[in-house]
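Residue numbering for the sequence shown follows our numbering, starting at 360 and increasing by one per position.
Every residue, glycine too, gets a C-beta built ideally from N, C-alpha and C.
Let me begin by presenting the structure, written as structure tokens, before commenting on it.
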Amino acid sequence: MSIPTIPAFVAGESVDADDHFETLDPSTGEVLARLAACGPDQVDAAVGAARAALPGWRDTPVAERSRLLSAFATRIRTDADELADLESHDTGKPRSQAAVDVEQCAQYFEFAAGAIRVLHGDVIPTGPDTLAYTRREPHGVAGVIIPWNYPLQITGRTVSAAVATGNTVVLKPAEEAPLTPMRLARTALEVGFPPGVFNAVPGIGEVAGAALAAHPGIDHLSFTGSVAVGRLVGTAAAQTFTPLTLELGGKSPNIVFADADLDDAVPTIVGSILQNAGQTCSAGSRLLVARERHDELVDRVRTAFASTRIGPGPDDPDLGPLISADQRDRVAGMVADAARESRLVTGGTVPEGDGLAGGFYWAPTLFADVDPGATVAREEVFGPVLATTAFDDPADAARIANGTDYGLIAAIWTRDVDRAHWLAHQLDVGQVYVNSYGAGGGVAFPFGGVKHSGHGREKGMESLVGYTRTKTVAVRTRPPA
Ligand code: NAD
């Protein structure tokens, strides 16, 4: 089979680069495609194209922008099978999880199509001689840098809000999984978005990503990825005073009280760490359990982990591979370190079995009685690795839950409504779920973190607000002469 070459997409046209890189199928290790490795020249051209498209797009009537966003959602659903196949091959995620991502992606555009019609400014009361009002205006050219774990969803949530509010976009997909974002940029043109509204520049992070983050023609940056790179992007943005949304990592806990319904909770707790092989920023990677039920819950999770079907993503197992050999080696190193500090209950190895050769697999791994200060309880592993810790009372649970540098999401499992609300109030996170686990939630829930998990919100109305800047207009009015 010949390997396709995918160029950058700038002003509605293909633009190649001198260098190229390959994206692999993590389930097999085979090359899926080679892509243009964009450098500063292609990034500059894309920013120029977005700048050129801006006046026309910003002034396109809201109803027309809304209609195009709806058409995009419809087209994504029409292409659902193809997109889910592509996503499953490029990321290794189970096919049914990729299908959910396609639907979520469509819903982001659908949500933005409706939301933009009701996003408006205010009239500020002053006196009879002044009319003061605010306008929500687009920032201008939006730079969007995304990771490899949810390419469809993260493209959907960023681009939908950016273009709905009248911005034009230059998106830099991750080198490990760029195929669906590149495909969506083309689809946007096909459904009628003007050339230059949605440009996409594949490339290496330190080159294309860094060029985009530092480009003086960018008016707003949205970065989703690691803390380390978030810091670099934030530093670049500070030089040009570019407003920035940072969606970074997490160490999110499921907090289980003694009165919780474990039959209900266990499948969700297990799903929250095994979904996408634990490579989810909001993965439920910590399990904090009332001491009297710690051992029982550990046993139930161990049983569930043991029955996990592991296999190539397109075969739709419970658990697919990690994104790359590097990521698998990183997980292996962190697990080996953790096994010296904490009790390994199950997993901790590369799984063996039919169909796994060549892929980057890791077995579901459970550590119990983990000290809250241990590295595996504080640092993001980004693999199917769960650390359980016992707590004594609600205040202890809050202290442990808040005891990492992260603050993305948390879930509370209890039948006690007072306790649930009390704890929800104590937690330093951006989202709290009670007796469920949202993994970022639906398209309407504002999503984002505190502390090292970042700042700003994607999803929901807040996302659209974030892609605008407020202008106040005050008009002195005089009675007729
Ligand atoms: P990463 O930070 O390595 O890469 C993210 C993106 O940044 C990629 O497109 C990459 O090419 C680019 N990049 C790399 N170096 C760059 C540089 N110097 N300048 C500009 N861009 C650069 O992250 P990753 O490994 O792809 O993704 C995993 C991380 O992303 C995890 O920490 C995870 O928690 C986080 N994440 C967060 C969210 C969220 O919404 N909070 C969602 C998904 C992933």
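Cβ neighbours of Gly789 within its own chain (closer than 8 Å, five residues either side excluded): Gly766, Leu767, Ile768, Pro805, Phe806, Gly807, Gly808, Val809, Ser812 and Arg816. By the beta-carbon neighbour count (other beta carbons within 10 angstroms, threshold 16), Asp618 is exposed. In the DSSP assignment, His784 falls within the unbroken alpha helix (DSSP H) covering Val776 to Gln785. Shown here, His448 sits in a helix according to DSSP, grouped into three states. Taking Glu381 as the centre and dropping the five residues before and after it, the same chain places the C-beta of Val390 and Arg393 closer than 6 Å to its C-beta, in chain order. Non-local beta-carbon contacts of Val482 in its own chain, meaning distances under 6 Å to residues more than five positions away in sequence, involve Tyr492 in chain order.
Per the DSSP secondary-structure output, Lys818 pairs with nothing in a beta bridge. For Gln401, the shortest separation between its Cβ and any heavy atom of ligand 1 does not lie below 8 Å. Counting along the chain, the unbroken beta strand (DSSP E) around Ser581 starts and ends at His579 to Thr583. Ranked by Cα distance from Ala474, the options Pro453, Arg424, Ile504 and Ile628 are led by Arg424. The closest heavy atom of ligand 1 lies less than 8 Å from the beta carbon of Pro532. With a beta-carbon spacing of about 6 Å, Pro532 and Pro510 fall inside the 8 Å limit used to define contacts. Counting only the Cα atoms, Ala663 lies some 8 Å from Pro626. The Cβ-Cβ distance between Ser585 and Leu603 does not fall below 9 Å. Relative to the non-hydrogen atoms of ligand 1, the Cβ of Thr364 never comes closer than 8 Å to any of them.
Ranked by Cα distance from Gly609, the options Gly762, Arg495 and Ala595 are led by Gly762. Per DSSP, the continuous alpha helix (DSSP H) segment holding His653 begins and ends at His653 to Ala665. By the criterion of a C-beta distance shorter than 7 Å, Ala465 is surrounded in its chain by Ala432, Ile435 and Arg436, once the five residues flanking it on both sides are discounted. Residues of the same chain with a CB within less than 6 Å of the CB of Ala408, apart from the 5 flanking positions on each side, are Val369, Ala370, Gly555 and Asn558 in chain order. In this structure the stretch 538-555 does not touch the stretch 705-715; the number of beta carbon pairs closer than 8 Å is below three. Distances from the alpha-carbon of Ala536 to those of Leu646, Thr489, Pro561 and Pro676 put Pro561 closest. Taken in chain order, the complete beta strand (DSSP E) segments of 3 or more residues contained in the stretch 385-468 are 389-395. Residue Arg542 holds the alpha-carbon nearest to the alpha-carbon of Ala439 among Gln638, Glu738, Asp674 and Arg542.
Check the Cα spacing between Leu633 and each of Val660, Val615 and Asp622: the tightest is with Val660.
Residue pairing from DSSP places Ala770 in a beta bridge opposite Asn613 and Tyr792. Collapsing the DSSP output to three states places Arg837 in coil.
Rounded to the nearest whole angstrom, the C-alpha separation of Ala457 and Asp713 is 22 Å.
For Ala749, the three-state secondary structure derived from DSSP is strand.
For Asp688, the closest C-alpha among the options Asp658, Gly679, Trp721 and Gly568 is that of Trp721.
A Cβ-Cβ separation of about 4 Å places Arg495 in contact with Thr827 under the 8 Å criterion. Relative to ligand 1, even the nearest heavy atom lies 8 Å or more away from the CB of Gly451.
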